[in-house]
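Numbering (our numbering), first residue to last: 975 to 1362.
Glycine included, each C-beta is placed from N, C-alpha and C at the ideal position.
These numbers come from a predicted model, not from an experiment.
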């Protein structure tokens, strides 16, 4: 018998928002190529520029410093490179330092060789270890080139907000570059590229209700730029060639405008719902572990372990109960494996964990349905045997 399902996997992808859908339908009616000089081309260019302004406003950046890409993964692979330019002069980045809880798109190191990438450990709280970062930067071999540091603003699994501004001070002290994955932050907390003191921010459209297949690299300035990754006709001011994904970019801009406008109300509403969810989980299963619970988190994310329940078993069980959630990052080709984030936090690699993430359509009824499913699954789990 069919029944309504509950969607609680917004960190994996947000359903297309009404604002984005309407904007995209309008864009599909425009025939022009944004690189053309005729009226149709100018109309397409104007729509892209409008979207660029909305995306820039989302992170308090200059619209001229927003470069559209096919997604956050492309943006990461573009900016994570040893080859930069300062004006017209070449600039070498000697080593990349990435936090142990980064998304795989960052942790893979982009265009750096394996020996050019070092890992920054994190604390059991889920926060990047700033003392360890300081030591790594003090030991950096400046003769090989400048250091680059990649620290995400919000972890995609735990929702823990990272001390990016504090990390920036350490990076500035050694003249390095700071790359920040802000994919899970925008639309959930206020983001300002200048206040973070980041050189580059990475964004994704589909995490905020825009379409899939669109992202952006946002720069604080254009003095230091990564070498071009996609070459061709010179679109995006020569930084990223290829005919722009016109409907996608327009949808991204509309989604950015909507989440930026509604940020304060959304944040307060989702925080109340998340608090109700977690209180209910603790009441049903006092042994439930909510990872990063003691750290500052975004309003919509709960990453939990229910002792006696494996990740893959739990995900299937919730799915059968009509609840869509995930076992961590959704960007691993559908695999359910051990969480790199939990391992980095010092948890037992065998610890299973599930992620609930809330969004625009989440309401009290959604939380109630999720808690009913949680109660049923908690009652059925196989508890580990106690030692005699």
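- Query: Taking DSSP as the reference, what is the three-state secondary structure of residue 1227?
  - Reply: helix
- Got a sec, what are the start and stop residues for the alpha helix (DSSP H) residue 1316 sits in? 1314-1318
- Backbone CA spacing between residue 1019 and residue 1313 [nearest angstrom]: 42 angstroms
- Task: Please list the segments of the beta strand (DSSP E) lying wholly inside the segment 1074-1125, counting only runs of 3 or more residues, in order along the chain.
- Result: 1091-1094 and 1120-1124
- Report yes or no: do three or more beta-carbon pairs, one from the segment 1076-1090 and one from the segment 1048-1065, lie closer than 8 angstroms? yes
- Query: From what residue to what residue does the alpha helix (DSSP H) around residue 1168 run?
  - Reply: 1167-1170
- Tell me whether residue 1335 is buried or exposed, calling it buried when 16 or more other Cβ atoms sit within 10 Å of its Cβ. exposed
- Query: Taking DSSP as the reference, what is the three-state secondary structure of residue 1211?
  - Reply: helix
- Query: Quick one: what's residue 1336 bridged to in DSSP?
  - Reply: The partner list for residue 1336 (beta bridge, DSSP) is empty, contrary to what the question assumes.
- Item | Nearest to residue 1071 (by Cα), restricted to the options 997, 1003, 1114 and 1239 | 1114
- Between the C-alpha atoms of residue 1260 and residue 1347, what's the straight-line distance to the nearest angstrom? 16 angstroms
- Item | Classification of residue 1143 by the beta-carbon crowding that lies within 10 angstroms, buried from 16 upward | exposed
- Query: Is the beta carbon of residue 1130 less than 8 angstroms from the beta carbon of residue 1100?
  - Reply: no
- Straight-line Cα distance separating residue 1095 from residue 1106: 7 angstroms
- Message: For residue 1182 and residue 1233, which I take to be in contact (beta-carbon distance under 8 angstroms), what is that distance rounded to the nearest angstrom?
- Response: 5 angstroms
- Task: Following the continuous alpha helix (DSSP H) through residue 1190, name the residue where it begins and the one where it ends.
- Result: Here residue 1190 belongs to no alpha helix (DSSP H); instead the beta strand (DSSP E) covers 1189-1193.
- Item | Touching by the beta-carbon criterion (3+ pairs, under 8 angstroms), the segment 1187-1196 and the segment 1169-1176 | yes
- residue 1161 - DSSP class collapsed to helix/strand/coil: coil
- Message: Please list the terminal residues of the continuous beta strand (DSSP E) segment that includes residue 1041.
- Response: 1040-1043
- Message: Between 1148, 1136 and 1141, which has its C-alpha nearest residue 1156's C-alpha?
- Response: 1136
- Message: Rounding to the nearest angstrom, what Cα-Cα distance links residue 989 and residue 1293 in this structure?
- Response: 18 angstroms
- Query: How would you write the range of the beta strand (DSSP E) that residue 1151 sits in, first residue to last?
  - Reply: 1151-1155
- Message: If you measure between the beta carbons of residue 1371 and residue 1124, is that distance less than 8 angstroms?
- Response: Because the chain is modelled from 975 through 1362, residue 1371 falls outside the range shown and cannot be assessed.
- Query: Given residue 1002, which residues of its chain have a CB within under 7 angstroms of its CB, disregarding the five upstream and five downstream residues?
  - Reply: 1221
- Query: DSSP three-state call for residue 1307: helix, strand or coil?
  - Reply: Residue placement at residue 1307 cannot be trusted, given a pLDDT of 43 that sits under 50; what the coordinates show is reported in the next sentence. DSSP places residue 1307 in coil when its eight states are reduced to three.
- Task: Please list, in chain order, all residues of the same chain as residue 1213 whose beta carbon is under 6 angstroms from its beta carbon, the five residues on each side excluded.
- Result: 1041
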